[in-house]
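Here the structure is laid out as structure tokens; the discussion comes afterwards.
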Amino acid sequence: MLPVLNHPWDVGIAEAREIQYRLREKLIQAPLLQSINTIAAVDVSYTRWDQVGYAVLGLFSLIKDNGDEKFSVKEELIKTRIESVKFPYVPGYLSFREIPILLPLFKEISENIDVIIADGQGIAHPRGIGLAAHLGLLFDIASIGCAKSKLIGNYTEPGIRKGDYSDLFLDQRIIGRVLRSRNRCKPLFVSPGHKCLVPDAMDFILNLCSKYRICDPIRRVDEISKQLRKSQQLKRSKESYETFISQS
DNA sequence: GCGACAG
DNA sequence: ATCTTGTCGC
Numbered sequence: 642m643l644p645v646l647n648h649p650w651d652v653g654i655a656e657a658r659e660i661q662y663r664l665r666e667k668l669i670q671a672p673l674l675q676s677i678n679t680i681a682a683v684d685v686s687y688t689r690w691d692q693v694g695y696a697v698l699g700l701f702s703l704i705k706d707n708g709d710e711k712f713s714v715k716e717e718l719i720k721t722r723i724e725s726v727k728f729p730y731v732p733g734y735l736s737f738r739e740i741p742i743l744l745p746l747f748k749e750i751s752e753n754i755d756v757i758i759a760d761g762q763g764i765a766h767p768r769g770i771g772l773a774a775h776l777g778l779l780f781d782i783a784s785i786g787c788a789k790s791k792l793i794g795n796y797t798e799p800g801i802r803k804g805d806y807s808d809l810f811l812d813q814r815i816i817g818r819v820l821r822s823r824n825r826c827k828p829l830f831v832s833p834g835h836k837c838l839v840p841d842a843m844d845f846i847l848n849l850c851s852k853y854r855i856c857d858p859i860r861r862v863d864e865i866s867k868q869l870r871k872s873q874q875l876k877r878s879k880e881s882y883e884t885f886i887s888q889s
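Here the numbering used here is used: position 33 in the first sequence is 674, and no number is missing along the way.
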């Protein structure tokens with residue numbers, strides 16, 4: 642699958658900011674689709690000594706559980722890619738660091754995706770277009786940001802029970818929710834991206850949280866990303882060992 | 001000028 | 001994001 646929108650990625654902060662201002666006008670606020678079958682979750686991990694990114698895209702199908710709203714996910718497909726990233730991590734510009742390495746993974750996907758979930762912000766962003774929102778807009782797919790910490794906004798601490806939440810405000814506007822995804826754990830910062838509303842975003846994410854703070858699909862791709870990084874590091878250390886032996 | 005600051 | 005062991009609480 643290919644983006645329906647395109648713009649340069651090899652840009653500096655100033656141009657990236659202009660792109661964000663231009664794209665945010667295109668974001669659509671609408672109720673989340675009722676019938677969701679497939680969701681995509683993405684994540685990228687790094688090492689501390691180089692600029693190599695270990696990207697993962699996972700496709701999961703929703704399994705309706707007994708009765709009401711809750712559901713679980715079934716892993717359907719995993720795509721990975723290892724590539725050095727160009728853009729540095731700058732708060733507010735995460736899209737320009739991570740999306741370039743994620744795009745080739747979407748290109749390999751042919752099945753339909755109903756929702757994209759990303760480890761980061763949706764519209765809860767200084768210019769209203771965080772990683773999840775940007776990604777959803779590029780493919781014109783509903784998207785939700787599920788971050789482990791706040792980028793922008795004000796809130797009061799939610800209750801300590803799973804499901805407790807408070808609104809995330811920017812001025813007088815509600816841009817997301819601070820969600821307690823597990824008893825007594827640090828809350829998640831959930832915000833809608835493209836084609837989604839604040840309440841729908843939180844409800845959907847909460848239903849994807851089984852027994853951990855991080856929702857199942859993101860937790861899974863995060864795990865795969867870290868495994869990929871460790872296996873590659875081991876591989877590289879073995880290679881350099883062989884080189885060392887052959888030279889001595 | 002100072003504090004805040006997704007991953 | 002990454003480094004990193006034990007430890008406190010449910």
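Glycine is no exception: its CB is placed at the ideal position from the N, C-alpha and C atoms.
Cα-Cα separation between residue i and residue j, rounded to whole angstroms
i, j, result
"ASP706", "PHE712", "5 Å"
"LYS715", "SER887", "46 Å"
"MET642", "TYR730", "27 Å"
"SER807", "ILE816", "11 Å"
"ILE677", "CYS787", "18 Å"
"SER881", "LEU875", "10 Å"
"SER784", "LEU776", "7 Å"
"ILE770", "PRO732", "12 Å"
"ASN795", "ARG818", "10 Å"
"LEU820", "ASP805", "6 Å"
"PHE737", "ILE801", "35 Å"
"PRO799", "MET843", "13 Å"
"ARG814", "LYS871", "42 Å"
"CYS850", "HIS648", "34 Å"
"TYR734", "GLY699", "23 Å"
"ALA671", "TRP690", "42 Å"
"GLU656", "ILE740", "16 Å"
"ARG825", "THR797", "15 Å"
"LEU847", "ALA773", "17 Å"
"ILE654", "SER725", "19 Å"
"GLU953", "GLN675", "Because residue 953 is not part of the residues shown, which for the chain are 642 to 889, the question remains open."
Extent of the continuous beta strand (DSSP E) to which residue i belongs
i, result
"LYS748", "Counting along the chain, LYS748 falls outside any beta strand (DSSP E), though it belongs to the alpha helix (DSSP H) covering 735 to 748."
"GLU716", "712 to 725"
Nearest-angstrom Cβ-Cβ length linking residue i and residue j, presumed shorter than 8 Å
i, j, result
"PHE747", "VAL645", "So it is not a contact: roughly 11 Å between Cβ atoms."
"PHE845", "LEU673", "6 Å"
"ILE719", "VAL693", "Not a contact, Cβ separation roughly 19 Å."
"LEU583", "SER832", "In this structure the chain extends from 642 to 889, so residue 583 is not present and cannot be described."
"ARG768", "ARG665", "6 Å"
"LEU869", "THR721", "6 Å"
"GLN762", "LEU811", "Contact flag wrong, Cβ pair sits at about 11 Å."
Bridge partner(s) assigned by DSSP for residue i
i, result
"ASN707", "Partner(s): none; ASN707 has no beta bridge."
"CYS787", "VAL831"
"ARG585", "No answer is possible for residue 585: it lies beyond the span of the chain, which begins at 642 and ends at 889."
"ILE757", "ALA681, SER784"
"GLY694", "TYR687, GLU724"
"GLY699", "ALA682, ILE719"
"ASN795", "PHE810"
"VAL819", "SER807, PHE830"
CB of residue i within 8 Å of CB of residue j, strictly
i, j, result
"ILE680", "LEU703", "yes"
"ALA682", "VAL862", "yes"
"ILE758", "ILE859", "yes"
"HIS835", "ILE669", "yes"
"SER866", "SER751", "no"
"ILE754", "ILE782", "yes"
"ASP857", "ASP760", "no"
"SER822", "LYS803", "yes"
"LYS667", "LEU778", "yes"
"LYS727", "ASP651", "yes"
Enclosing alpha helix (DSSP H) for residue i [first to last residue]
i, result
"ILE680", "From DSSP, ILE680 is part of no alpha helix (DSSP H) but of the beta strand (DSSP E) over 679 to 687."
"LEU668", "Where LEU668 is concerned, there is no enclosing alpha helix (DSSP H), given that its DSSP letter is neither H nor E."
"PRO840", "839 to 848"
beta-carbon residue i near the ligand ATP non-hydrogen atom, thresh 7 Å
i, result
"LEU746", "Judged by which ligands are present, the structure shown has none, so any question about the ligand ATP falls away."
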